[in-house]
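Report on one structure; see the data block that follows.
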Amino acid sequence: MKPWLERQGVGERMVGAFTLSDKSESYFLVDRQPNSPAFTEADRQLFYELLISFPRLHYWLFLERGLVAPAHRPLSPRERQVLNLLMGPMSELEIAQSLALSKGTVHNYIGNIYKNFVVSSRYELIQLWLKPVSAVSYV
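Residues -10 to 128, numbered by the numbering used here, are exactly what the sequence shown covers, in order.
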């Protein structure tokens, strides 16, 4: 594996995993260029601390893709675009204009997103991103 990584411009790699549930894990990679100093124990400890200190980040990464409950299915790329804009202050019309879609099409996407996340409003949807997150972690 090391020769392959070096061809990709990677001299050394740290891999961290964060378990969200029995069905989902989040992985983060930290690479160093070839000929860079090796990772130290202090580097590994800092990586571990960062990995476990932000469980909400891991949850958000899965939630925005529809990969953890309450989502019933993964979101399509277009649904993810609409969702990301829906999290901000834009109106449906502004979202439609920014994506070069009709307001009706965006309204349909929003309805599908709400159904997928089992919510009935933008407020309820945003609350999913604000709820407390607990998870088991390991490196």
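Ideal placement from N, C-alpha and C gives every residue a C-beta, glycine not left out.
Query	Result
Just list the residues that DSSP pairs Arg21 with in beta bridges.	Glu1
Just to confirm the assignment: which complete alpha helix (DSSP H) runs, minimum length 4, are found wholly within the stretch 15 to 75?	30 to 42, 44 to 52 and 66 to 75
Classify Leu64: buried if its beta carbon has 16 or more other beta carbons within 10 angstroms, exposed otherwise.	buried
Tell me which residue opens and which closes the alpha helix (DSSP H) that Ser91 is part of.	Run containing Ser91: none; DSSP gives neither H nor E here.
Would you say Tyr48 and Val122 are within 8 Å of each other, going by their C-beta atoms?	yes
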